[in-house]
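Shown next, in structure tokens, is the structure this report addresses.
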Amino acid sequence: MKSVRILCICLLTVSAVIGNEKCPGVTVNVSEESDVILPCSLSTNQNLEQKLFDWRKKAPTKQEVFMYDGGLHYNNGRPGQDEHFRGRVSHFPQELQFGNASIIIIRNTTVADSGVYTCDFPHLQPEQRFCIKLVVGAAPKPFVGILNISEDEALLKCEVRGASPKPKVEWRDSDGNILPAEEPQVSHTGERYDITLLTTVTRTNSSLFHCVATQEELGHVTRD
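According to full-length UniProt numbering, the stretch in the sequence shown is residues 1 to 224, in order.
Next comes the structure, spelled out in structure tokens:
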């Protein structure tokens with residue numbers, strides 16, 4: 001066995017079905033620690049500088065994210081914003097006149113930001129509501145090592161720590177074939193998962209092996 005490399009393949013799945021919310025919905029996928037823009041724009045392009053719009057996180061927990069009301073908002077003195085979002089959320093005031101003031105940006109996202117958000121215009125006629133499902137993923141690189149090696153075979157170990165959503169972890173050879181492996185060892189804290197997978201390879205196998213972690217909700221490919 002000459003070397004061991006890592007190949008992390010992440011597949012993206014997008015769904016517009018968001019719980020039981022009866023409103024237009026989209027899904028936004030981002031990596032942890034990045035900034036994300038949550039879109040919510042009126043099709044009428046009406047001026048919103050004197051209007052009210054309110055962003056809330058509805059699931060899995062209810063939190064007040066950002067409210068704007070005729071120029072008064074959470075970043076200039078209005079009380080009521082959830083502590084988790086304080087100092088991390090802002091809007092685009094220059095877009096108010098074009099009906100796009102409801103677009104907000106959340107900075108330095110964490111896995112805890114994942115969930116369903118609503119953007120409400122309660123004073124419009126008719127009242128309008130939009131839904132956004134935010135998936136913040138943590139896709140750490142797998143770590144590989146050799147636990148035991150003999151003249152004929154080697155025991156390989158792959159560890160994926162702190163991943164979210166839960167990944168599917170596999171060992172593969174240089175041709176992409178899945179190798180027989182032991183039952184994965186899985187533990188988790190909240191939404192973060194630690195997974196360890198062991199496999200035994202022999203000299204008759206390929207000399208190059210990959211640890212593959214697949215997260216269907218994300219679109220990442222990381223490699224060492």
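Positions of the beta carbon are idealized from the N, C-alpha and C atoms, including for glycine.
Pick from Leu198, Ser34, Ala154 and Tyr68: whose alpha carbon is nearest that of phenylalanine 143? For the set Leu198, Ser34, Ala154 and Tyr68, the Cα lying nearest the Cα of phenylalanine 143 is the one of Leu198.
Suppose the cutoff is 6 angstroms on Cβ atoms and the five residues either side in sequence are ignored; what does the same chain contact list for phenylalanine 85 look like? Excluding residues within five positions, the ones whose Cβ falls inside 6 angstroms are Val65.
To test your reading of the DSSP string, which unbroken beta strand (DSSP E) runs of 3 or more residues are found completely within the UniProt domain "Ig-like" (24-119)? 25-31, 36-38, 52-59, 63-69, 89-91 and 104-106
In angstroms, rounded to a whole number, what distance separates the CA positions of alanine 154 and phenylalanine 209? 11 angstroms
Let me know if histidine 91 comes out buried or exposed under the rule of 16 or more other beta-carbons within 10 Å of its beta-carbon. buried
For histidine 73, count neighbouring Cβ atoms within 10 angstroms of its own Cβ and tell me buried if that reaches 16, exposed if not. buried
Nearest candidate by alpha-carbon position, reference threonine 27, set Leu179, Asp175, Lys157 and Val136: Val136
Considering only residues of the same chain and omitting the five flanking positions on each side of leucine 42, which have a CB-CB separation below 6 angstroms? Gly99
Please name the residue or residues paired with glycine 145 in a DSSP beta bridge. For glycine 145, which the question treats as bridged, DSSP gives the partners Lys157.
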